[in-house]
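Scroll down for the structure; my scribbles are underneath it.
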Amino acid sequence: MVFEGLSTRLQETFRKLRGKGKLTEEDVNLAMREVRLALLEADVNYKVVKDFVARVKERAVGQEVLKSLTPGQQVVKIVYEELTQLMGGDQTKLNLAAKPPTVVMMVGLQGTGKTTTCAKLARSLLAQGRRPLLVAADIYRPAAIKQLQVLGEKCNCPVFSMGQENPVNIARAALEYARSNGRDIVILDTAGRLHINEELMNELKDLKSSLNPHEILLVVDAMTGQDAVNVASSFNEQLGLTGVVLTKLDGDTRGGAALSVKAVAGCPIKFAGVGEKLEDLEPFYPNRMASRILG
Ligand code: GDP
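Numbering (this note's numbering), first residue to last: 863 to 1157.
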């Protein structure tokens, strides 16, 4: 389970604090030292850890006293609030067009789960009564088109494809198709690469400028930790993202990417992939994640 190690470590640290009637600055410092180590071990970005601990310490030492809580409980409450903020604060919803169709560009490197996530999102939108259209714009990996068709069939979502045509042409034709067939959300499965390169970015920039998408979601694999965070930073700088989908959270025990993406790359995590099945996509709730960490 994600945050397994971090959760155990923090719960141990706070058990010691919770019972205390009075906290000295030394108690807080000691606890914060443990929090710092636990976050570093969870593969959270070094600078993020430093800022986080400084913020908690500042609030904990100059504590606003709440009568109903012991000082130890108050520190836990501050950590909970700061963890929630760190992961983006409020849950961020999909940005829908005032006038449909909404255009969602799904981008990301190969193997992160981009194609699967397109289908998962379509499935979840269908369940909410929307009429998505999946678009196969990953033209370099012929298997990707087939894969999207198979997944579309599984979740009962139509899939628009034009083979190896130029992605901008495919996307334009797909939009036309959506308009004339009453599909209200167009989800584009764009081409990935093994690594970020200029060709990939140029292609995505072309798509962005000709489509004006409402969402550009980057799919990153939580199990790759800080690599995922660095990829998110680059994509956000070069392309501008509206959000991140963090996949394979089910296989990530540390949680470093979940805790660092917002602070480092500057864009919110909107969804989390928690398994291989199409129903394994969840909206990302920072407060629930923080509760999970603190147990
Ligand atoms: P793409 O190359 O980015 O389009 O990646 P795919 O969609 O083909 O996914 C690559 C692999 O990751 C597949 O085996 C998926 O089943 C798997 N996958 C995708 N999302 C998740 C997830 O949230 N959890 C797990 N465990 N596996 C996932």
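Backbone N, C-alpha and C fix where the C-beta goes; we use that ideal spot for every residue, glycine too.
By DSSP, does Gly1105 sit in helix, in strand, or in coil?
On the sequence shown, position 243 is the one that residue 1105 refers to. The answer is strand: DSSP assigns Gly1105 an E or B state.
Opposing strand residues paired with Phe876 [DSSP bridges]:
Looking up residue 876 in the sequence shown gives position 14. Partner(s): none; Phe876 has no beta bridge.
Looking at the ligand GDP, does it come within less than 7 Å of Glu1138, judged from the CB to the closest heavy atom?
In the sequence shown, residue 1138 corresponds to position 276, counting from 1. Glu1138: yes, Cβ under 7 Å from the ligand GDP.
At least 3 beta-carbon pairs within less than 8 Å: the stretch 1122-1131 vs the stretch 971-980
no
Going residue by residue through the stretch 989-1026, where are the continuous alpha helix (DSSP H) segments of at least 4 residues, counting only ones entirely within it?
1004-1017
Return the residue from the list Asp1114, Arg1034, Asn1092 and Gly1105 that minimises the CA-CA distance to Phe1146.
Counting from 1 along the sequence shown, the entry for residue 1146 is found at position 284. Ranking Asp1114, Arg1034, Asn1092 and Gly1105 by Cα distance to Phe1146 puts Gly1105 first.
Nearest to Leu899 by CA position, among Ala1134, Glu1027, Arg880 and Thr875, is which residue?
Numbered from 1 along the sequence shown, position 37 holds the residue referred to as residue 899. Ranking Ala1134, Glu1027, Arg880 and Thr875 by Cα distance to Leu899 puts Thr875 first.
For Gly1044, does the count of other Cβ atoms within 10 angstroms reach 16, so buried, or fall short, so exposed?
Mapped onto the sequence shown, residue 1044 falls at position 182. Its Cβ having fewer than 16 others within 10 Å, Gly1044 is exposed.
Helix, strand or coil for Val897? Go by DSSP, reduced to three states.
Within the sequence shown, residue 897 is the residue found at index 35, counting from 1. Residue state, collapsed to three classes: helix.
Just to confirm, are Lys1067 and Ile1078 a CB contact at a threshold of 8 Å?
Translated into the one-based positions of the sequence shown, residue 1067 becomes position 205. Translated into the one-based positions of the sequence shown, residue 1078 becomes position 216. No.
Between which residues of its own chain and Leu958 is the CB-CB distance below 6 Å, once the five residues before and five after are set aside?
Stepping through the sequence shown from its first residue, residue 958 is reached at position 96. Within the same chain, Leu958 has close Cβ partners Thr964.
What does the Cβ neighbour count give for Ala1094, buried or exposed, with the cut at 16 atoms within 10 Å?
Working through the sequence shown from its first residue, we reach residue 1094 at position 232. Classification of Ala1094: buried, given that the 10 Å Cβ count is 16 or more.
For Ile1058, three-class secondary structure by DSSP
By one-based count along the sequence shown, residue 1058 stands at place 196. Three-state DSSP puts Ile1058 in coil, outside helix and strand.
When DSSP labels each residue in this structure, what does Leu892 get in the three-state scheme?
Here residue 892 is taken as the residue at index 30 of the sequence shown, counted from 1. If DSSP states are grouped into helix, strand and coil, Leu892 belongs with the helices.
Does the Cβ of Ser869 have 16 or more other Cβ atoms within 10 Å, making it buried, or fewer, making it exposed?
Stepping through the sequence shown from its first residue, residue 869 is reached at position 7. Ser869 comes out buried.
Name the two residues that bound the continuous alpha helix (DSSP H) containing Leu1121.
Residue numbering aside, residue 1121 sits at position 259 when the sequence shown is read from its first letter. Segment Gly1118 to Ala1127, the alpha helix (DSSP H) holding Leu1121.
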